[in-house]
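Working notes, beginning with the structure itself.
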Amino acid sequence: MKTSIIAKMVATTVCGALVATPVLAEKANRLQSITGMDAWGAERALKDRGFKHISSHKNSRGYTYSYWWDDADDNCVRAEVYNDTVETLMDATDKDCNHSGGSTGAAVGAVAGLAILGALLASKSHHREGKDYNEEQTGAFDRGYKDGLHNAAYHNYDRSDAYSHGYEKGVDERQANLSHHHNRGGYYQTVRYNDLQGARAAGATEELGRRGFTQVDNFTSGNTRYGIYSRRESNQCLQVTFADGRIYDIRDIGQHPRC
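Numbering (mature numbering (1 follows the signal peptide of the UniProt record, and there is no 0)), first residue to last: -25 to -1, 1 to 234.
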């Protein structure tokens, strides 16, 4: 199975040197042949053109935004990946690639300290969703993003909309990064269920049974049906929403009177 671009690249350390073919880098509008490639092929193509990976960021909608830098041309580009396919490739700012402008590749490569690690905590341009924040608003957005990403308390002391927006984006990325987790601690192994999202209702309910879940309650609202499924061995309590013959939503609600 093909390795996801993010699964492969996030494991790479910030300071790891990537040996690239010494080819003059290109702006994003000259890299459009990479759009539509699978993630593995796109990664190879960017490296062949002199780019090195800087950072990657997920969101809860299944998109990953990957930033790439080329020292030869002081150029930063952003790849938008969905379903293991590059959907768009566009120019990004130097700051998105942890550069302040000019050729700072040697300095970045030489410093392996907290400054670099701190830079990776800053938000990227895609987080701001095209909003044209001034310097003060950008600072508030970054503070909110860091707070949300690291599960800190919401602390919008200046009642800034930019902080609120940043906090929302930080929480979204944190949840995407922890999508493998079931929000439960302890020693009991939980059973996976997220893969049933969108599955046909009949087959999915049978599969829930095979995984040890028992339906303990159900109710309807209009054309939508809801089912509560319990698995006492792992202390999981699922609410499943059925619509149009498929699972529209499935989530662990933690507790229910019949779980």
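Glycine included, C-beta positions come from ideal geometry on N, C-alpha and C.
{"Item": "Those runs of the beta strand (DSSP E) which lie wholly inside the segment 165 to 221 and span at least 3 residues", "Value": "189 to 196, 199 to 206 and 211 to 218"}
{"Item": "Whole-angstrom distance between Arg206 and Tyr168, CA atom to CA atom", "Value": "12 Å"}
{"Item": "Endpoints, beta strand (DSSP E) assigned at Cys67", "Value": "Residue identity check: residue 67 is Ala in the sequence provided, not Cys. From DSSP, the beta strand (DSSP E) with Ala67 extends over Thr60 to Ala67."}
{"Item": "Close-in-space but distant-in-sequence residues of the same chain around Met(-25) (CB under 7 Å, 5 per side omitted)", "Value": "Low confidence applies here, because Met(-25) scores a pLDDT of 45, under 50, leaving its location unreliable; read the following figure in that light. Closer than 7 Å at Cβ, skipping near neighbours: no residue."}
{"Item": "Simplified DSSP state of Asp136, which is helix, strand or coil", "Value": "helix"}
{"Item": "Residue span of the beta strand (DSSP E) that contains Arg53, given as start and end", "Value": "Asn50 to Tyr57"}
{"Item": "Nonlocal neighbours in the same chain, by C-beta distance under 7 Å from Tyr138, ignoring five residues either side", "Value": "Ala115, Phe116, Arg118, Gly119 and Asn131"}
{"Item": "Nearest-angstrom beta carbon gap, Cys212 and Gly187 [assumed within contact, 8 Å]", "Value": "Their Cβ separation, rounded to whole angstroms, is 13 Å, which puts Gly187 and Cys212 out of contact at 8 Å."}
{"Item": "Contact under 8 Å by Cβ, Ala14 with Asp45", "Value": "no"}
{"Item": "Pairwise C-alpha distance: Glu104 and Arg175", "Value": "34 Å"}
{"Item": "Euclidean distance between Cα positions of Tyr204 and Cys234", "Value": "7 Å"}
{"Item": "Beta-carbon proximity of Ala54 to Val61, cut-off 8 Å", "Value": "yes"}
{"Item": "Arg24, DSSP secondary structure in three states", "Value": "coil"}
{"Item": "Helix, strand or coil at Ile228 [DSSP, three-state]", "Value": "coil"}
{"Item": "Contacting residues, own chain, Cβ-Cβ under 7 Å from Lys70 (five flanking each side not counted)", "Value": "none"}
{"Item": "The segment 214 to 231 in contact with the segment 194 to 204 per 3-pair CB rule at 8 Å", "Value": "yes"}
{"Item": "Option in Pro232, Gln190, Ser41 and Glu182 with minimal Cα separation from Ala17", "Value": "Ser41"}
{"Item": "His102 - partner residues in DSSP beta bridges", "Value": "DSSP output for His102 lists no bridge partner at all."}
{"Item": "From Gly25, Lys99 and Asp192, residue whose alpha carbon lies closest to that of Lys2", "Value": "Gly25"}
{"Item": "Gln164 versus Asn34, Ser31, Glu208 and Ser75, residue with shortest Cα-Cα distance", "Value": "Glu208"}
{"Item": "Neighbour-count burial assignment, residue 240, 16 or more Cβ in a 10 Å radius", "Value": "One cannot answer for residue 240 here, as it falls past the ends of the chain, which runs -25 to 234."}
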